[in-house]
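Visitor: According to numbering that gives the first Met the number 0, the sequence shown is numbered sequentially starting from 0.
We treat Cβ as the ideally placed atom computed from N, Cα and C, and that holds for glycine.
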Amino acid sequence: MKRIQFLFAAVAALFIATASAPAAELALDGYCPVCYIEAGKAVKGEKSFAADHAGKTYYFVSDETKALFVANPAKYLPVYDGWCAYGMAFGKKFESDPRVFTVVNGKIYLNKNKKIGKKFNKDKSGFIAKADAAWKSEMKK
């Protein structure tokens, strides 16, 4: 009887710990961060190829893309924590559309929508310089 009570208590504790653990936020609406650089396009990942990093869950298109990310997440994370790069140039945090991106010097810049993405691409280096300064200031807060 004591063995059954112990087993029940252990299972209950495990369930409570699992139920109370905060769920990681889905990053990039499920788009594979590796595909931006390696394939040059936004590709929806699959839940079966998921990995957590810094409190966020990322989906990948394969075990290979997942392994690339796990080996070097910094290479595949969008700059400004995924906020709109154009908005960041003005010190604003706007949600971004993970389908609207630009890769510059191996870094991923997301933007709010296609219209904003076109504006960003007209002066990438200028907007990146402004956004970098704004982000640096934001990180000090």
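To the nearest angstrom, how far is the alpha carbon of VAL69 from that of GLY54?
Guide: In the sequence shown, counting from the first residue as 1, residue 69 sits at position 70. In the sequence shown, counting from the first residue as 1, residue 54 sits at position 55. Cα to Cα, the separation comes out at about 14 Å.
Visitor: Using the three-state DSSP reduction, which class does PHE93 fall into: helix, strand or coil?
Guide: For the purposes of this step, residue 93 is identified with residue 94 of the sequence shown, where counting begins at 1. Coil.
Visitor: Within its chain, find whatever has a CB closer than 7 Å to the CB of PHE93; leave out the 5 residues flanking it on each side and keep chain order.
Guide: Looking up residue 93 in the sequence shown gives position 94. Excluding sequence neighbours, PHE93 sits near TRP82, CYS83, GLY86, LYS111.
Visitor: Between VAL102 and the ligand ADP, is there a pair consisting of the residue's CB and a ligand heavy atom that are separated by less than 7 Å?
Guide: Ligands are entirely absent from the displayed structure, and the ligand ADP is therefore not among its contents.
Visitor: DSSP state of VAL78, grouped into three classes?
Guide: As a working mapping, residue 78 is identified with position 79 in the sequence shown. Correct three-state label for VAL78: helix.
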